[in-house]
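A quick write-up on the structure given underneath.
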Amino acid sequence: MPELPEVETTRRGLAPHVEGHIVTAATLRRPDLRWPIAEEIQRVLPGQRIDAVRRRAKYLLLDTQAGSALLHLGMSGSLRVVPADTLVRAHDHVDLVLDTGRLLRFNDPRRFGCLLWQPPGEVHELLAGLGPEPLSDEFDGDYLYRLSRGRSAPVKTFLMDQRVVVGVGNIYVAEALFEAGVSPLRAAGKVSRERYVALAEAICRILGHAITRGGTTLRDFISPDGSPGYFEQELSAYGRGGEPCPRCGRPLRQAAIGQRTTVWCGHCQR
DNA sequence: CAAGCGTCCTGGTGGC
DNA sequence: TGCCACCAGGACGCTT
């Protein structure tokens, strides 16, 4: 599923095939994903040149002079650049036809994704309240420490709040908490400055590493899917409930925190 | 303002 | 073997 590293990988894979090229047409095979697809995708985008492909949080923006297509991959979405005669498969919801003779094809089985429009000079309201990028200078342990004071929600929930920091999903938060030795249940406001420093470092390191690994799938980005999933073997906590803790060997605990399955070591994480 | 929870959707899994 | 209930996931938006 596309987490921040996959979205960044998608952006990097897309950019060389898309930037500087003109969208000649848009084919919509269904009117809505999570929300109705913005009408500008068919009315305004065709004829425009894509100047840049940007990422904000898990959103991608295709910038043109007339505005930006704003898309989110949800949990099952993918974007591929394919030859124009490529067979349409299930859940290929949108094609942007490029002047290169290829298509930018959006596939999303579960339709948690979206394809919206951001007029020039505006910031879409979905992006307006987002917290800092985890790999930017704005994000560090001090920032987390300051923002968390007085918060009673579990630190896991706090870190997954996109207003606090973007791009930290259920998988990476589990890994970061494990690496930093912090219990996901601890109230955010009761976590010390030192431990937030460790958490921020863990988040940066894990996301950065995952992006590096995502880079390996860049090469065959255009070819049919089948990317191996770089992370599964490397995960310490996520998806390993009941298995021995990689550090102390005691069984990892699993429970729901904030409606989300959470795995952690009751011994190593305090 | 903060926190908690329902909701959207579909493929994959595990149980019977 | 077939069927079905259930779960996973991000994030909005409503309620408390």
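Residue 1236 in our numbering sits at position 171 of the first sequence; the count goes up by one each step and never skips. Beta carbons: idealized from backbone N, C-alpha and C, even for Gly. A quick note: this is a predicted structure, and the numbers were derived from the prediction, not measured.
For residue i, the first and last residue of its enclosing beta strand (DSSP E)
i: A1134; result: G1132 to H1137
i: H1158; result: D1157 to L1163
i: C1269; result: C1269 -> not in any beta strand (DSSP E); alpha helix (DSSP H) instead, spanning R1258 to G1279.
i: V1088; result: V1088 to L1093
i: T1327; result: R1325 to W1329
i: R1318; result: R1318 to I1322
Selection from the options that minimises the alpha carbon distance to residue i
i: C1330; options: R1318, L1161 and R1077; result: R1318
i: L1181; options: R1305, D1226, L1138 and V1220; result: L1138
i: V1220; options: G1254, E1187, E1240 and E1198; result: G1254
i: R1251; options: T1277, H1156, S1217 and W1100; result: S1217
i: V1072; options: L1300, L1144 and P1081; result: L1144
i: V1159; options: I1106, G1232, V1247 and L1126; result: I1106
Residue i - DSSP class collapsed to helix/strand/coil
i: A1227; result: According to the sequence provided, residue 1227 is Gln. The question's Ala does not apply to it. Coil at Q1227, not helix or strand.
i: V1146; result: strand
i: L1192; result: helix
i: L1181; result: strand
i: D1097; result: strand
i: P1309; result: strand
i: R1120; result: strand
Span of the alpha helix (DSSP H), counted from its first residue to its last, around residue i
i: F1171; result: It is not in any alpha helix (DSSP H) - F1171 instead sits in the beta strand (DSSP E) that spans R1167 to N1172.
i: R1108; result: E1105 to R1108
i: I1236; result: N1235 to A1245
i: Y1124; result: It is not in any alpha helix (DSSP H) - Y1124 instead sits in the beta strand (DSSP E) that spans Y1124 to T1129.
i: L1152; result: Looking at the DSSP string, L1152 is not in any alpha helix (DSSP H), and its letter there is neither H nor E.
Distance between beta carbons of residue j and residue i, contact taken as under 8 Å
i: F1177; j: S1141; result: 7 Å
i: V1229; j: L1212; result: 6 Å
Assigned exposure category for residue i - 16 Cβ within 10 Å defines buried
i: C1179; result: buried
i: V1153; result: exposed
i: T1075; result: buried
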